[in-house]
Ligand SMILES: [Zn+2]
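Residue numbers (the working numbering): 2 to 345.
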């Protein structure tokens, strides 16, 4: 297969992305346009230089701090209802063009409230942007996973949940909130702080995922399992260090949302060939291959599948199975509509 044939093959798979952050996936062109519109363009900065503030560049970017720096610029603009709605629509459009037919978009409403929007308004705008795309593309499914920042603590997480309940999927025709997540610095904010919030999320009928084992060791994943009862774990990379944990994840059918490029860039793994993904799959752990942040990581889901094939020697049937497994991990109430079907 030529690289082009392989890319076309991947794009025909029933692709699902279950771990994609709103603020890490905004189109650079849109932000550039907004920087001019809102008179905030830096004098003398051209588009290519501007993109550096948004996208990973292997030749200069090296650390977790370089990675986190890329999230600052978009937040100037994604503070307004119409901007959030537009970005959500474009995110769906970009995902669709990449071959994705099921997208779970995760967002932290609190970072989009600096111009006075309420938590619910930010989710409403996201929902409307996604549903505008879904309405005209019936073969595309989307849902929203709400993120609470670990650094805001457990009580804020509970308040956030109560604020977004009215935006749940079941109360709306097509797109709504389907899941709950925590993200941010792992070390000072262990899972036990969020036990009550996850209990509330469960009682509210939301599915549960949690970023864990990305910058910290496997003990944080154990703690997440024991305190949060997650259906999925975001990254879970350090589970690769603990055979007992791998067995437990496989036994419980707890999905790992694996994001290869992101893991290299943030230093969760040093060398991609040492990534535990093949060992997870061999042990029977459920895996969803995801992007995390396509703009920040300078990637696409197709590219992540190419990376998996290049690095681990996965065959066409291996990645077909991985795509189907990813799709089946969805939190959408309707389940995975694209599983097993040929894409149009
Ligand atoms: Zn993430």
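Backbone N, C-alpha and C fix where the C-beta goes; we use that ideal spot for every residue, glycine too. What you are looking at is a predicted structure, and each value in this text was computed from that prediction instead of being measured.
- Going by C-alpha positions, residue 113 is about 13 Å away from residue 161.
- Note on the stretch 199-272: whole beta strand (DSSP E) runs with a minimum of 3 residues are 208-213, 233-236 and 256-259, in chain order.
- Set against 6 Å, the gap from the CB of residue 293 to the closest heavy atom of ligand 1 is smaller.
- Spatial neighbours of residue 154 in its own chain (CB-CB distance under 7 Å, excluding positions within 5 residues in sequence) are listed in chain order as 194.
- Restricting attention to beta strand (DSSP E) runs no shorter than 3 residues, the stretch 130-199 encloses them at 142-150 and 178-184, ordered along the chain.
- Looking at the DSSP output, residue 113 sits in no beta bridge, so it has no partner there.
- In summary, residue 156 is exposed, with fewer than 16 beta-carbon neighbours lying within 10 Å of its beta-carbon over all protein chains present.
- In this structure, residue 26 lies away from residue 279, with their beta-carbon atoms at least 7 Å apart.
- By the criterion of a C-beta distance shorter than 7 Å, residue 138 is surrounded in its chain by 97, once the five residues flanking it on both sides are discounted.
- A Cβ-Cβ separation of about 6 Å places residue 259 in contact with residue 290 under the 8 Å criterion.
- The C-alpha of residue 268 lies about 16 Å from the C-alpha of residue 292.
- The distance from the Cβ of residue 257 to that of residue 240 is about 7 Å, consistent with a contact at the 8 Å cut-off.
- With 16 or more other Cβ atoms from the protein chains shown falling within 10 Å of its own Cβ, residue 324 counts as buried.
- In this chain, the beta strand (DSSP E) harbouring residue 19 covers 16-22.
- Under the 8 Å Cβ criterion, the stretch 26-40 does not count as touching the stretch 227-236, having fewer than three qualifying pairs.
- Fewer than three beta-carbon pairs drawn from the stretch 212-228 and the stretch 164-174 are found closer than 8 Å, and the two stretches are therefore not classed as touching.
- As a beta-bridge residue in DSSP terms, residue 293 pairs with 21.
- Secondary structure of residue 56 (DSSP, three-state): coil.
- The beta-carbon distance between residue 82 and residue 122, rounded to whole angstroms, is 6 Å. This is short enough to meet the 8 Å contact definition.
- For residue 102, the uninterrupted beta strand (DSSP E) segment begins and ends at 101-108.
- Contact annotation, residue 142 with residue 335: C-beta distance approximately 7 Å; criterion of less than 8 Å satisfied.
- Within the model, the alpha-carbon separation for residue 144 versus residue 158 is close to 20 Å.
- For residue 186 against residue 224, the beta-carbon gap comes to about 15 Å, at or over 8 Å, which does not count as contact.
- Using a Cβ distance threshold of 7 Å, residue 108 and residue 23 count as a contacting pair.
- Counting other Cβ atoms within 10 Å of its Cβ, residue 117 stays below 16 and is therefore classed as exposed.
- The beta carbons of residue 178 and residue 131 sit no closer together than 7 Å.
- Our two residues, residue 226 and residue 203, have alpha carbons roughly 14 Å apart in a direct line.
- Placement of the Cβ of residue 235 at a distance of less than 6 Å from at least one heavy atom of ligand 1 is found.
- Shown here for residue 86: same chain residues with a beta carbon closer than 6 Å to its own, the five before and five after excluded, namely 126, 129 and 130 in chain order.
- Judged by DSSP secondary structure, residue 327 falls within the alpha helix (DSSP H) whose first and last residues are 317-329.
- The C-beta distance from residue 313 to residue 105 rounds to 24 Å, too long to meet the 8 Å contact threshold.
- Between residue 19 and residue 101 the beta-carbon gap is near 10 Å, outside 8 Å, which marks them as no contact.
- With 16 or more other Cβ atoms inside 10 Å of its own Cβ, residue 327 counts as buried.
- One thing to note: residue 52 has its Cβ no nearer than 7 Å to the Cβ of residue 80.
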